[in-house]
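With full-length UniProt numbering applied, the sequence shown covers 1 to 389.
Below is one structure; the comments refer to it alone.
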Amino acid sequence: MAELRVAMIGHAFMGGTHSVAWRTVNAAFDLPLTARMSVLCGRDAAKAAAAAEKLGWAEHATDWRDVVTRDDVDLVDICTPGDSHAEIALAALAAGKHVLCEKPLANSVAEARAMTSAAEAARANGVRSMCGFNYRRTPAVALMRQLVADGRIGEIRHVRARYLQDWIVDPQFPLVWRLQRDKAGSGALGDIGAHIIDLTQFVTGQQITGVSALTETFVRQRPLVGASAGLAASSGAGTGEVTVDDAALFLARLDGGAIGTYEATRFATGRKNALQVEINGSRGSVAFDFERMNELQFHDATVPAAEGGFTTILVTEPEHPYLAGWWPPGHPIGYEHTFTHEARDLMLAVAAGEDPTPSFADALQVQLVLDAVERSAANAAGWTKVEPA
Ligand code: SOE
1 MAELRVAMIG HAFMGGTHSV AWRTVNAAFD LPLTARMSVL CGRDAAKAAA
51 AAEKLGWAEH ATDWRDVVTR DDVDLVDICT PGDSHAEIAL AALAAGKHVL
101 CEKPLANSVA EARAMTSAAE AARANGVRSM CGFNYRRTPA VALMRQLVAD
151 GRIGEIRHVR ARYLQDWIVD PQFPLVWRLQ RDKAGSGALG DIGAHIIDLT
201 QFVTGQQITG VSALTETFVR QRPLVGASAG LAASSGAGTG EVTVDDAALF
251 LARLDGGAIG TYEATRFATG RKNALQVEIN GSRGSVAFDF ERMNELQFHD
301 ATVPAAEGGF TTILVTEPEH PYLAGWWPPG HPIGYEHTFT HEARDLMLAV
351 AAGEDPTPSF ADALQVQLVL DAVERSAANA AGWTKVEPA
């Protein structure tokens, strides 16, 4: 069977999740291509070698510029912080490689536009590109989209989205790259707010057209990093400034007539990875919480009131999206599977000569929303003070 030879740039948290995906995708799904984990690339040779060994890559390398032009690489998988997404993606596309790029697509609208133009130009030569908004591929989320598309929710009035984490509540948690604007672009907004923007637009089929926002940075100085691994880190000597938001809230209008509230924070003590979305429509509602990712809450407003109310759908059946690839009915799956589903869909698109989604253009639209949120939050004129009593 034909191979898809993958080069992965970066090997921290996302590199780990993507490695699981490439390693398992052909075991779970019957696909027209076989993923080959050809080369893992990282700046430090010893760390890259250890990561390649641990994560299952055939080789390691230290210079991404060499890697993206190699003849024995078909796809470049970008798992680095946002400040290098644009440069790597542009080079990979110019070399005719398919590209999978972690979210958010870039650190600015200008970079996202350049990446989108390059992806569109490369497309003419059969080159595919995709942004890694993995939560779209949670079976319960895909089911939620199906219910909306099938008209079961009716006309959508409300979109209520929150992404709540608490991993930096401790003011002594060090200044990792996700807390630095030059590396991450923004804070909770781009890191996790981007997911709920993408997810709600994906589920509803509507796009955000305007926002009114506020952002806050609760802890402005943090210890510098001693060592870090994934999201965990230890403190080194000295402190530095947090240059991103800790939390972002906004109201939104969507182009199909819905109105929305969005909240992204890393300070929701006790909430670990609570990506929560509720959609209310004229015929019913759906609600999802990633902390219970194998369940979907559904209210059918067309049944008699006495039988109404939210019921729990256990999204563990082979009839549900993606689940035919996994275990017998009733057996749940986890976070890492969303990345395997992403790899599956990308491989199917590459093999069929079709464009995978979300495209770079879709991710640019998310970037434009992030940018509007930041501009709105910075605009004090939009803030109405309560008159003193
Ligand atoms: C950290 O907030 C993080 O790992 C995000 O970067 C991911 O995109 C999200 O899936 C989980 O949380």
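All residues carry an ideal CB built from backbone N, CA and C; glycine is no exception.
Just so we're clear, the structure is a prediction, and the values are computed from it rather than from any experiment.
Check                                                                                                             : Outcome
Inter-residue Cα distance where the pair is His11 and Asn280                                                      : 39 Å
Whether Ser129 touches Ser359 by CB criterion (8 Å)                                                               : yes
Range of the contiguous alpha helix (DSSP H) that encloses Pro81                                                  : No alpha helix (DSSP H) holds Pro81; DSSP gives it neither H nor E.
Those runs of the alpha helix (DSSP H) which lie wholly inside the segment 49 to 134 and span at least 4 residues : 64 to 67, 85 to 94 and 109 to 123
Asp289 CB to nearest heavy atom of the ligand SOE below 7 Å                                                       : no
Where Phe339 falls: helix, strand or coil (DSSP)                                                                  : helix
Identified DSSP bridge partners for Tyr262                                                                        : Ala161 and Phe250
Whether Leu275 touches Gln207 by CB criterion (8 Å)                                                               : no
Simplified DSSP state of Gly151, which is helix, strand or coil                                                   : coil
Cβ-heavy atom distance, Asn273 to the ligand SOE, below 7 Å                                                       : yes
Heavy atom of the ligand SOE within 7 Å of Asp83 beta-carbon                                                      : no
Reduced DSSP category for Gly230 - H, G, I as helix; E, B as strand; rest coil                                    : coil
Cβ-heavy atom distance, Ile208 to the ligand SOE, below 7 Å                                                       : no
Straight-line Cα distance separating Glu3 from Asp245                                                             : 42 Å
Span separating the alpha-carbon of Val386 from that of Ala380                                                    : 14 Å
Top-ranked residue by Cα proximity to Ile259, from Gln297, Ser212, Ala378 and Gly226                              : Ser212
Any non-hydrogen atom of the ligand SOE within 7 Å of Phe13 CB                                                    : yes
Counted within 10 angstroms of its Cβ, other Cβ atoms place Arg65 as buried (16 or more) or exposed               : exposed
Heavy atom of the ligand SOE within 7 Å of Lys183 beta-carbon                                                     : no
Any non-hydrogen atom of the ligand SOE within 7 Å of Ile192 CB                                                   : yes
At least 3 beta-carbon pairs within less than 8 Å: the segment 136 to 156 vs the segment 20 to 30                 : no
Straight-line gap, residue 477 to His337 (C-alpha atoms, nearest Å)                                               : The question about residue 477 has no answer, for the chain in this structure spans 1 to 389.
Heavy atom of the ligand SOE within 7 Å of Gln180 beta-carbon                                                     : no
Proximity test, Leu251 beta-carbon vs the ligand SOE heavy atom, cut-off 7 Å                                      : no
Residues sharing a beta bridge with Phe298, DSSP                                                                  : Val286 and Thr311
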